[in-house]
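What follows is a single structure, written as structure tokens, with notes after it.
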Amino acid sequence: MFKGALFDLDGVIADTSSLHFQAWQKLANNYFAAELPDYLEEQTKGVSRGDSLQIILDHLDVGVSDSMFQQLLLEKNELYLASLKNLSPKNILPGISEFIAELKENEVKLALASASLNGPAILDKLQLTDTFDAIADPSKVAQGKPAPDIFLAAAKALDLEPAECVGIEDSIAGITAISVSGALPIAIGTNAEFKAAFKTFAKTAELNLADVRAVYDIFKKEHAIW
Ligand code: B16
Ligand code: MG
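Note that the UniProt record's numbering has the sequence shown beginning at 1, numbered continuously upward.
Here it is as structure tokens:
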């Protein structure tokens, strides 16, 4: 049995993922009179605020000064926070509360491994702060997803080896990060690009301990973890 579960936030615990892209859309519209193509949503999922802005500016083929870059980050966050005004436990994705309860019954430790600097505030609004044993701080890691740093920090905060943990993610960058960290990568969604995922559930509602436990047993044998 695995000992730790390292959770992504946006798109795994909460239905906040599309709100990030809606905020980027508004920003691109306000500042550059531009419409962002849908594929940029996938490319910015799980990616830090700054790296996401760079991806968007590269797409628009515009360069901005450092102070303008900071201004754009600030405004994107204001737009995003405005969309979270009514966030409540109702925004927890289907099946997540039940899955967390199963993990707790089996004494699995929980850590948050989100790229979001808003993670602690969002967990509070979802009334999940006390449910988590640790929250890895994305401002303290050297590199964002797809680098493994936030998952390594989350496992360390639980005092566990990454190989003793499963990681749950809805983004390609995040699945790569889990895979490189040495934890078992579990993807949520239907993206055909989830190549590094060890197991994919189409929706959070399908997550369940029996299946995750079964794939962890296979993962353990393949990786010779005893
Ligand atoms: P913030 P996750 C990620 O959260 C989002 O998927 C991504 O769209 C966002 O840019 C990033 O957090 C940073 O968020 O601007 O709130 O600091 O999926 O890793 O939980
Ligand atoms: Mg996510």
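Note that CB positions come from ideal geometry on N, CA and C, so glycine has one too.
Closer than 8 Å: residue i CB and nearest the ligand MG heavy atom
{"i": "Val12", "result": "yes"}
{"i": "Phe170", "result": "Residue identity differs from the one stated: residue 170 is Asp in this sequence, not Phe. Because some heavy atom of the ligand MG lies under 8 Å away, the Cβ of Asp170 counts as near it: yes."}
{"i": "Gly95", "result": "no"}
{"i": "residue 265", "result": "Since the first residue of the chain shown is 1 and the last is 226, residue 265 is not available in this structure."}
{"i": "Gly46", "result": "yes"}
First and last residue of the uninterrupted beta strand (DSSP E) at residue i
{"i": "Leu184", "result": "184-188"}
{"i": "Leu126", "result": "Neither: Leu126 is in no beta strand (DSSP E) and is coded neither H nor E."}
{"i": "Ala5", "result": "4-7"}
{"i": "Lys156", "result": "Here Lys156 belongs to no beta strand (DSSP E); instead the alpha helix (DSSP H) covers 149-157."}
{"i": "Phe201", "result": "199-201"}
{"i": "Lys104", "result": "Segment 96-105 is the alpha helix (DSSP H) holding Lys104; no beta strand (DSSP E) there."}
{"i": "Glu41", "result": "Note, Glu41: premise wrong, no beta strand (DSSP E); alpha helix (DSSP H) at 39-44."}
{"i": "Leu27", "result": "Unbroken run through Leu27 is the alpha helix (DSSP H), 17-32; no beta strand (DSSP E)."}
{"i": "Leu112", "result": "109-112"}
Boundaries (first-last residue) of the alpha helix (DSSP H) holding residue i
{"i": "Ala177", "result": "172-181"}
{"i": "Phe219", "result": "209-222"}
{"i": "Leu72", "result": "66-83"}
{"i": "Ile13", "result": "Premise fails: Ile13 is in no alpha helix (DSSP H) and is neither H nor E."}
Beta-carbon contacts of residue i that lie in its chain and below 7 Å, excluding the five residues immediately before and after
{"i": "Leu152", "result": "Pro162, Ser181"}
{"i": "His223", "result": "Ala163"}
{"i": "Ala101", "result": "none"}
{"i": "Glu75", "result": "Leu27"}
Pairwise C-alpha distance: residue j and residue i
{"i": "Gln127", "j": "Thr204", "result": "18 Å"}
{"i": "Ala157", "j": "Ile122", "result": "20 Å"}
{"i": "Asp217", "j": "Pro185", "result": "13 Å"}
{"i": "Gly119", "j": "Asn30", "result": "26 Å"}
{"i": "Asn208", "j": "Asp149", "result": "26 Å"}
{"i": "Thr45", "j": "Glu105", "result": "According to the sequence as given, residue 45 is Lys; it is not Thr. Straight-line Cα distance between these residues: approximately 31 Å."}
{"i": "Ser88", "j": "Asp133", "result": "21 Å"}
{"i": "Lys199", "j": "His20", "result": "26 Å"}
{"i": "Leu72", "j": "Gly63", "result": "12 Å"}
Residues near residue i in its chain [Cβ-Cβ closer than 6 Å; skip 5 each side]
{"i": "Asn91", "result": "Ala14, Asp15"}
{"i": "Ala5", "result": "Leu103, Val108, Leu110, Val166"}
{"i": "Phe201", "result": "Ile188, Leu207"}
{"i": "Lys3", "result": "Leu160, Glu164"}
Any non-hydrogen atom of the ligand B16 closer than 8 Å to residue i Cβ
{"i": "Leu117", "result": "yes"}
{"i": "Val62", "result": "no"}
{"i": "Pro120", "result": "no"}
{"i": "Gly174", "result": "yes"}
{"i": "Asn106", "result": "no"}
Among the options, the one whose alpha carbon lies nearest that of residue i
{"i": "Ser139", "options": "Ser88, Leu117, Asp159, Ser83", "result": "Leu117"}
{"i": "Gln43", "options": "Asp124, Ile175, Ser65", "result": "Ile175"}
{"i": "Glu41", "options": "Val62, Val64, Trp24", "result": "Trp24"}
{"i": "Phe99", "options": "Val62, Asn191, Asp124, Thr131", "result": "Thr131"}
{"i": "Gly144", "options": "Phe21, Phe32, Arg49", "result": "Arg49"}
{"i": "Val215", "options": "Gln71, Asp159, Ile168", "result": "Ile168"}
{"i": "Leu60", "options": "Leu73, Glu78, Phe32", "result": "Phe32"}
{"i": "Ile56", "options": "Pro37, Ser179, Val12, Phe194", "result": "Pro37"}
9 Å Cβ cutoff, residue i in contact with chain B
{"i": "Lys221", "result": "Structure shown: chain B not included; a single protein chain is present."}
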